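Chains A and B, in that order, are what the protein sequence lines are. According to the numbering used here, the first sequence is numbered sequentially starting from 1. According to the numbering used here, the second sequence is numbered sequentially starting from 1. All C-beta atoms, glycine included, are put in the ideal place defined by N, C-alpha and C. Please read all numbers here as calculations on a predicted model, not as lab measurements.
2 protein chains.
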Amino acid sequence: MEWKLTDDRPIWMQLSEQMARRIVAGQYPPGSKLPPVRELAADAGVNPNTMQRALAQLESDGLAVSNRTAGRAVTEDAAAIESVRRTMARRITKEFLSAIADLGYTREDALALLKEEEDTHG
Amino acid sequence: MEWKLTDDRPIWMQLSEQMARRIVAGQYPPGSKLPPVRELAADAGVNPNTMQRALAQLESDGLAVSNRTAGRAVTEDAAAIESVRRTMARRITKEFLSAIADLGYTREDALALLKEEEDTHG
DNA sequence: GTTATTGTATTAGGCACTTAGTACAATAAT
DNA sequence: ATTATTGTACTAAGTGCCTAATACAATAAC
Numbered sequence: 001m002e003w004k005l006t007d008d009r010p011i012w013m014q015l016s017e018q019m020a021r022r023i024v025a026g027q028y029p030p031g032s033k034l035p036p037v038r039e040l041a042a043d044a045g046v047n048p049n050t051m052q053r054a055l056a057q058l059e060s061d062g063l064a065v066s067n068r069t070a071g072r073a074v075t076e077d078a079a080a081i082e083s084v085r086r087t088m089a090r091r092i093t094k095e096f097l098s099a100i101a102d103l104g105y106t107r108e109d110a111l112a113l114l115k116e117e118e119d120t121h122g
Numbered sequence: 001m002e003w004k005l006t007d008d009r010p011i012w013m014q015l016s017e018q019m020a021r022r023i024v025a026g027q028y029p030p031g032s033k034l035p036p037v038r039e040l041a042a043d044a045g046v047n048p049n050t051m052q053r054a055l056a057q058l059e060s061d062g063l064a065v066s067n068r069t070a071g072r073a074v075t076e077d078a079a080a081i082e083s084v085r086r087t088m089a090r091r092i093t094k095e096f097l098s099a100i101a102d103l104g105y106t107r108e109d110a111l112a113l114l115k116e117e118e119d120t121h122g
């Protein structure tokens with residue numbers, strides 16, 4: 001998954017969320033070392049300060065730990081990662097159902113929309 | 001639907017989206033008159049300038065028209081409204097599927113999440 | 001032991017968003 | 001005809017985000 005950044009939300013928040021997705025999706029396994037701040041920043045095309053803030057948030061969420069000069073690593077607590085993954089999935093699902101309902105669609109409509117989208121894009 | 005505002009995105013953008021949802025959901029029927037800017041602003045608890053910007057966006061989207069001193073009204077083009085509704089629904093659905101996939105879930109998982117959420121919250 | 005790397009902190013500046021306050025022209029309401 | 005309403009425009013100030021540039025301490029790498 002490449003970096004997807006929009007200008008309608010703070011970049012550091014988007015970076016933090018996308019790093020979180022990479023971690024819970026297994027791209028960065030539990031205990032594995034994360035790339036240096038400067039490298040991640042260059043890869044995402046943002047200022048190191050911005051990536052620094054994103055990673056700080058990642059630590060607040062319990063997904064990463066900082067070892068100062070030894071770099072940053074994903075937490076070794078696999079259960080915590082899985083917990084975050086489920087929480088994120090539930091939140092996304094809830095928001096989807098809420099958004100669809102706000103448009104005046106029923107749950108049958110929601111399922112139909114899902115099927116249509118899956119049929120369209122493989 | 002009450003106003004749901006967060007501080008991680010421009011308020012005028014959220015206001016515009018929520019007004020759009022109300023229109024496509026039928027809360028403000030085609031051709032009906034919209035409340036004055038100042039009233040909407042007071043109801044949402046924001047500055048009139050901010051609501052003004054949101055409504056200007058709504059006009060750019062073709063969902064509302066301004067009649068100067070006669071106030072603002074929803075477009076009478078019901079087909080245009082329905083088109084926006086479908087477009088919004090498709091975008092929301094696509095983003096849901098993409099977000100779920102980013103977390104490493106399959107489509108069967110997605111359906112299971114939906115069922116679980118529906119069972120939980122009515 | 002020396003050097004390079006890493007996380008972190010600091011300062012400064014530009015920019016967009018939001019609020020507050022004010023004002024104006026056109027027209028609906030009386 | 002007078003008044004109130006409505007959309008719109010403008011300026012000023014405060015705030016947060018982002019970038020840029022720099023610096024430092026600790027430690028890994030050599």
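With respect to residue 113(B), residue 89(A) sits close: the two C-beta atoms are nearer than 7 Å. Under the three-state reduction of DSSP output, residue 65(A) falls in the strand class. Separation of the CB atoms of residue 64(B) and residue 15(B) is rounded to 12 Å, and the pair is thereby denied contact status at 8 Å. Judged by DSSP secondary structure, residue 74(A) falls within the beta strand (DSSP E) whose first and last residues are 72 to 74. Straight-line spacing of the CA atoms in residue 18(B) and residue 27(A) works out to 36 Å.
When Cβ pairs closer than 8 Å are counted between the two stretches, the stretch 80 to 89 of chain B is seen not to touch the stretch 40 to 60 of chain B, the count staying below three. In terms of Cα proximity to residue 32(A), the closest of 46(A), 103(A), 10(A) and 66(A) is 66(A). Distance check between residue 25(B) and each of 101(A), 116(A) and 120(A) places 101(A) closest, using alpha-carbon atoms only. Among the CB atoms of chain B, none fall inside 7 Å of the CB of residue 91(A). With respect to residue 35(B), residue 76(B) sits apart: the two C-beta atoms are not nearer than 7 Å. Here DSSP, grouped into helix, strand and coil, assigns residue 103(A) to coil. A check of alpha carbon separations from residue 60(B) across 20(B), 9(B) and 4(B) identifies 20(B) as the nearest.
Here the alpha carbons of residue 45(B) and residue 4(B) stand approximately 11 Å from one another. For residue 92(B) and residue 99(A), the gap between their C-alpha atoms comes out near 7 Å.
Residues 15, 37, 40, 41 and 44 of the same chain have their beta carbon placed closer than 7 Å to that of residue 51(B), with the five preceding and five following residues left out of the count.
Cβ neighbours of residue 47(A) within its own chain (closer than 8 Å, five residues either side excluded): 41.
For residue 103(A), the C-beta contacts it makes with chain B under 8 Å involve 21, 24, 25, 85, 88, 89 and 92, in order along the chain. Annotated as proximal: residue 94(A) and residue 117(B), with beta-carbon spacing under 7 Å. In the displayed model, residue 55(A) falls within a helix according to three-state DSSP.
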